[in-house]
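**Student:** Chains as they are written, first to last, in the numbering used here: chain A, 42 to 344; chain B, 33 to 321. The C-beta atom is built at its ideal place from N, Cα and C for all residues, glycine as well. In this text, all values refer to a predicted model and were calculated from it rather than measured experimentally.
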Amino acid sequence: MSGSGQLLAAGPVAVNRPHRPFWRVHPYGSELAWAIAFLVPYVAVLLAFAVYPIAYGFWMASDPQLYVKLFSSDDYQDALISTLLYVGIGVNVNMFLALLLSGFMMRRSWWIKALLVVSMLPWALPAQMAFISFHWMMIYWGFLDSLLWKFFGIEGVDWFGHFWTALGANIIAYTWKTMPFWTLILLAGRMAIPQDLYDAADIDGATGLRRFVHVVVPLLANLYLVCTLLAAIWMIGDYNTPDLVSGGAPLGSTDVLATQGIEYLFDAGNPQLGVAAIMAALPVLIPIGVLLIRRIQTTEVQL
Amino acid sequence: MPAALWRPRRLRLHVGEVGAAALAVLLLIWWLLPVYNMMLIALDPEGNTEFTGDLWPTAPTLKAFRGVLFQEYWYFGDFWRQLGNSFFIGMATALATVLISSLASFALGRIWAGKGRSISTVALLIYTVPAYFLVIPFYLLMHRYGLKDSLWAVIVANVTFAVPYALLILQWYGRLIPIELDEAARVDGATPLQVYLQIYLPLMAPALAVVGTYALITAWNEYLYQFILLSSERHRTVAVTLATFFESDITPWNYPAAASLIYALPPIAVFFAARRYIAAGLTIGAVKG
């Protein structure tokens with residue numbers, strides 16, 4: 042830190058700002074040039090690799106005929122319904138379990154801390170490996186079925202043979218991967234609730250479920266909503282799970298918009314249709330995005 | 033206290049403890065099961081994916097790990113170069129993300145504090161677009177930019193999607209650092225660049241570690257962009273090789289299982305090295321929610 046030492050040493054000489062006391066003004070005044078210089082790399086990346094591809098995507102998918110073709114295709118209608126079910130059920134299961142688990146993680150003991158560290162393993166592991174492993178575990182007479190048969194004498198389920206179980210398998214795998222992340226976020230939210238409130242509730246006789254309903258829920262509601270919206274956006278864009286766990290089985294019924302779009306690109310050789318398939322989710326995504334940004338920004342202002 | 037009074041309470045405490053411990057064991061099994069399954073397949077001499085019912089393989093062998101590490105098995109004949117490519121993509125993504133987002137957060141949070149809100153909003157808006165939605169336009173644009181089959185195409189894609197999140201975290205963390213420090217340095221005649229290098233960066237180190245780790249792990253775990261943007265043998269990454277193996281009908285499976293376990297080690301190592309920072313970094317956002 043010799044650099045800052047020099048900087049401080051140079052102090053008395055450099056104090057030559059007249060008239061206005063420095064603490065009244067912003068330290069950088071209106072140094073537009075500096076701000077722009079610092080922002081150039083970021084804005085360049087944003088324009089070249091995010092804004093331009095998005096605009097390009099809109100342009101590719103601008104032909105109304107594409108949507109006529111899309112919505113008349115059974116594959117696409119199925120993909121829409123599966124996406125709705127996958128995200129609708131998946132996000133809520135994920136967040137609710139994370140909420141419960143974060144309560145469990147509030148316990149104070151050394152092994153809970155160790156457990157919390159292990160819990161982040163699914164998050165750090167490559168999704169690809171984890172989901173292939175899930176695929177092999179849940180395949181007919183794979184790991185799970187053999188395990189059930191050997192130890193409990195139960196005949197297992199053909200997970201990928203039926204729509205609902207295949208959808209369930211995808212949701213289970215996705216929950217395995219992402220729930221620890223949300224648990225950690227909600228745990229932090231719970232820890233930010235002042236202990237006084239718990240104590241006050243305790244004195245008033247509210248413990249257990251009542252404390253949860255009257256103290257935790259109201260104080261965590263905003264964070265829970267923000268997380269749910271964000272989780273929904275991520276899950277709508279999830280390609281890995283349906284591709285690797287169920288692989289669309291049975292008969293492409295668990296294909297979602299993301300996998301369907303890639304299929305149009307590669308298997309059908311129709312990138313325009315692929316982009317249109319994905320862009321068709323924007324009417325759902327944009328309101329979620331706007332709501333999310335508002336929530337994030339209002340919570341910022343409250344601070 | 034009379035014994036009769038405290039005994040039931042203590043009993044209840046014990047029941048609670050036992051229940052918690054049972055739940056913890058279940059959770060551990062749940063989190064480790066897919067890894068364990070992968071391990072069983074990798075240790076099986078035939079790479080059989082069917083579970084035999086033995087919790088420990090009867091004839092475990094490290095053949096598959098050797099086959100990958102010494103590049104003996106034909107499909108992983110290029111394993112180390114591919115791992116090198118993955119490392120290059122991961123490190124470059126992490127460095128570029130840290131650099132670009134810290135510069136931007138300095139501009140938005142310090143020089144222009146309170147202004148430049150629209151830029152943050154645009155960043156957040158980009159953040160709400162799932163990465164996979166842009167893969168097709170991105171693929172076509174990379175051809176136009178002349179980055180066809182280039183590792184840099186993957187790096188810019190990763191950076192594009194990591195930067196908005198990084199900026200959000202840095203903006204939140206940056207508020208913990210008093211602006212008075214900047215004021216003092218400015219009064220002493222430091223330029224904004226000096227403040228950035230000598231005050232902002234050192235104080236932001238924990239948040240930068242979070243952001244870098246996040247970018248590294250995301251880049252390491254991502255494969256669709258690599259799969260679509262990299263076509264030549266020379267630029268292949270481990271993730272692409274694994275993906276093509278998994279989607280083909282080639283057997284035995286013990287080799288890819290071993291390769292994916294080896295491939296999973298670096299992010300876990302990085303994560304455990306930076307876990308304190310990550311927990312802190314992730315919770316900054318939540319506490320303010």
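#1: For A242 of chain A and P167 of chain A, what's the separation of their Cα atoms in angstroms?
#2: Let me know the secondary structure DSSP gives T219 of chain A once reduced to three states.
#3: Along the chain, where does the alpha helix (DSSP H) that runs through W2 of chain B open and close?
#4: Inspect the beta-carbon positions of A189 of chain B and Y287 of chain B and report whether they are closer than 8 Å.
#5: In chain order, what residues of the same chain have a beta carbon less than 7 Å from the beta carbon of A301 of chain B, not counting five sequence neighbours either side?
#6: Using beta carbons (cut-off 8 Å, strictly below), is G202 of chain A in contact with chain B?
#7: Does the structure place the region 158-169 of chain B close enough to the region 88-95 of chain A that three or more beta carbon pairs sit under 8 Å?
#8: Using the Cα positions of L24 of chain B and L238 of chain A, report the straight-line distance between them to the nearest angstrom.
#9: Let me make sure I understand the geometry here. Which of A:F99, A:L80, A:N211 and A:A165 has the alpha-carbon closest to that of A290 of chain A?
#10: Do you know offhand how far G141 of chain B's Cα is from P105 of chain A's?
#11: What number of angstroms, rounded off, separates the C-alpha of R335 of chain A from the C-alpha of L200 of chain B?
#12: Between L127 of chain B and chain A, is there a C-beta pair that is closer than 8 Å?
#13: Give the range of the alpha helix (DSSP H) segment to which L202 of chain B is assigned.
#14: Taking Cβ to Cβ, would you say A239 of chain B is nearer than 8 Å to Y197 of chain B?
#15: Run through DSSP, which three-state label would I180 of chain A get?
#16: Mapping the DSSP letters down to three states, classify I195 of chain A as helix, strand or coil.
#17: Report yes if the C-beta distance between T125 of chain B and A247 of chain B is below 8 Å; otherwise report no.
#18: Among A:S287, A:I277, A:G98 and A:D115, which has the Cα closest to the Cα of I213 of chain A?
#19: Just reading off the alpha helix (DSSP H) that V109 of chain A is part of, what are its end residues?
#20: Which value, in whole angstroms, describes the spacing of the CA atoms of M236 of chain B and T223 of chain B?
#21: Interface residues of chain B around W275 of chain A at Cβ under 8 Å?
#22: Name, going along the chain, the residues of the region 236-254 of chain A whose beta-carbon falls closer than 7 Å to a beta-carbon of chain B.
#23: For P77 of chain B, I'd like the list of residues in its chain whose CB is within less than 7 Å of its CB, leaving aside the five on either flank, ordered along the chain.
#24: Using a Cβ-Cβ distance cut-off of 8 Å, determine whether M70 of chain B contacts chain A.
#25: Could you check which residue in B:P284, B:S292, B:N253 and B:L274 has the C-alpha nearest to that of F303 of chain B?
#26: Below 8 Å, can you find three or more Cβ-Cβ pairs linking the region 199-207 of chain A to the region 219-239 of chain A?
#27: Alpha carbon to alpha carbon, how far is P62 of chain A from Y127 of chain A?
#28: Helix or strand or just coil, what does DSSP make of A102 of chain A?
#29: Closer than 8 Å, CB to CB, is L121 of chain A near chain B or not?
#30: Which residues, in chain order, does the region 150-169 of chain A contribute to contact with chain B at a C-beta distance below 7 Å?
#31: Is it the case that the Cβ atoms of V272 of chain B and Y255 of chain B are separated by a distance below 8 Å?
#32: Within 10 angstroms of the Cβ of M147 of chain A, are there 16 or more other Cβ atoms? Answer buried if so, exposed if not.
#33: Anyone know if the C-beta pair for Y97 of chain A and L173 of chain B falls short of 8 Å?
#34: Expressed to the nearest angstrom, what Euclidean distance is found between the alpha-carbon atoms of W205 of chain A and L274 of chain B?
#35: Could you say which of B:F170, B:F278 and B:G122 lies nearest to T250 of chain B if we only look at CA atoms?
#36: Determine which residues of the region 285-304 of chain B have a Cβ less than 7 Å from any Cβ of chain A, and write them out in chain order.
**Tutor:** The structure says:
#1: Residue 242 of chain A sits at position 201 when you count from the first residue of the first sequence. Residue 167 of chain A sits at position 126 when you count from the first residue of the first sequence. Between A242 of chain A and P167 of chain A, the C-alpha separation is close to 43 Å.
#2: Residue mapping note: residue 219 of chain A aligns to position 178 of the first sequence, counting from 1. T219 of chain A falls in the helix class under three-state DSSP.
#3: Residue 2 of chain B lies beyond the stretch modelled for chain B, which goes from 33 to 321, so this question has no answer here.
#4: Here residue 189 of chain B corresponds to residue number 157 of the second sequence, with the count starting at 1. Here residue 287 of chain B corresponds to residue number 255 of the second sequence, with the count starting at 1. Cβ distance not < 8 Å, so A189 of chain B and Y287 of chain B don't count as in contact.
#5: For the purposes of this step, residue 301 of chain B is identified with residue 269 of the second sequence, where counting begins at 1. Counting only Cβ-Cβ distances below 7 Å, and skipping sequence neighbours, we find nothing.
#6: Translated into the one-based positions of the first sequence, residue 202 of chain A becomes position 161. So, not an interface residue.
#7: yes
#8: This structure does not reach residue 24 of chain B, given that chain B is present from 33 up to 321, and the question cannot be answered.
#9: Start at 1 with the first residue of the first sequence, and residue 290 of chain A comes out as number 249. Ranking A:F99, A:L80, A:N211 and A:A165 by Cα distance to A290 of chain A puts A:N211 first.
#10: On the second sequence, position 109 is the one that residue 141 of chain B refers to. On the first sequence, position 64 is the one that residue 105 of chain A refers to. Each residue's Cα considered, the two are about 43 Å apart.
#11: Taking the first sequence and counting its residues from 1, the one referred to as residue 335 of chain A is at position 294. Taking the second sequence and counting its residues from 1, the one referred to as residue 200 of chain B is at position 168. In a straight line, the C-alpha of R335 of chain A is about 14 Å away from that of L200 of chain B.
#12: Within the second sequence, numbered from 1, the residue matching residue 127 of chain B stands at position 95. It does not: the Cβ of L127 of chain B has no partner Cβ on chain A nearer than 8 Å.
#13: Reading the second sequence from its first residue, position 170 is the one you call residue 202 of chain B. From DSSP, the alpha helix (DSSP H) with L202 of chain B extends over L183 to G206.
#14: Translated into the one-based positions of the second sequence, residue 239 of chain B becomes position 207. Translated into the one-based positions of the second sequence, residue 197 of chain B becomes position 165. Cβ atoms of A239 of chain B and Y197 of chain B: not closer than 8 Å.
#15: For this step, residue 180 of chain A is matched to residue 139 along the first sequence. I180 of chain A: coil per DSSP, three-state reduction.
#16: Start at 1 with the first residue of the first sequence, and residue 195 of chain A comes out as number 154. Residue state, collapsed to three classes: coil.
#17: Here the question's residue 125 of chain B lines up with position 93 in the second sequence. Here the question's residue 247 of chain B lines up with position 215 in the second sequence. Taking 8 Å as the Cβ cut-off, T125 of chain B and A247 of chain B qualify as a contacting pair.
#18: Counting from one through the first sequence, the residue named residue 213 of chain A turns up at place 172. For the residues A:S287, A:I277, A:G98 and A:D115, the minimum Cα distance to I213 of chain A belongs to A:S287.
#19: Indexing the first sequence from 1 puts residue 109 of chain A at position 68. Start and end: P105 to F112.
#20: If you number the second sequence from 1, residue 236 of chain B lands on position 204. If you number the second sequence from 1, residue 223 of chain B lands on position 191. Cα-Cα distance, rounded: 18 Å.
#21: Looking up residue 275 of chain A in the first sequence gives position 234. Per Cβ cutoff of 8 Å: P162.
#22: none
#23: Here residue 77 of chain B refers to the residue found at position 45 of the second sequence. The beta carbon of P77 of chain B sits closer than 7 Å to those of A91, T93 and K95, all from its chain and outside the five residues before and after it, given in chain order.
#24: For the purposes of this step, residue 70 of chain B is taken as residue 38 along the second sequence, with counting starting at 1. Chain A contact via Cβ: present.
#25: Here residue 303 of chain B refers to the residue found at position 271 of the second sequence. Restricting attention to B:P284, B:S292, B:N253 and B:L274, the CA atom closest to the CA of F303 of chain B is found in B:N253.
#26: no
#27: Translated into positions along the first sequence, residue 62 of chain A becomes position 21. Translated into positions along the first sequence, residue 127 of chain A becomes position 86. Summary for P62 of chain A: the model assigns pLDDT 41, below 50, so the residue's position carries little reliability; its value from the coordinates is reported in the next sentence. Approximately 59 Å, taken between the alpha carbons.
#28: Numbered from its first residue, the first sequence carries residue 102 of chain A at position 61. For A102 of chain A, the secondary structure class from DSSP, reduced to helix, strand or coil, is coil.
#29: Position 80 of the first sequence, counted from the first residue, corresponds to residue 121 of chain A. L121 of chain A does not count as touching chain B.
#30: W152, L156, V158, V159, S160, M161, L162, P163, A165, L166, P167, A168 and Q169
#31: The sequence position of residue 272 of chain B within the second sequence is 240, counting from 1. The sequence position of residue 255 of chain B within the second sequence is 223, counting from 1. In contact: V272 of chain B and Y255 of chain B (Cβ atoms closer than 8 Å).
#32: Here residue 147 of chain A refers to the residue found at position 106 when the first sequence is read from its first residue. Classification of M147 of chain A: exposed, given that the 10 Å Cβ count is below 16.
#33: Sequence index remark: in the first sequence, residue 97 of chain A carries index 56 (1-based). Sequence index remark: in the second sequence, residue 173 of chain B carries index 141 (1-based). Cβ distance < 8 Å, so Y97 of chain A and L173 of chain B count as in contact.
#34: Counted from its first residue, the first sequence places residue 205 of chain A at position 164. Counted from its first residue, the second sequence places residue 274 of chain B at position 242. So the two alpha carbons sit approximately 28 Å from each other.
#35: Mapped onto the second sequence, residue 250 of chain B falls at position 218. Answer by Cα proximity: B:G122.
#36: S292, Y295, A296, P299, I300 and F303
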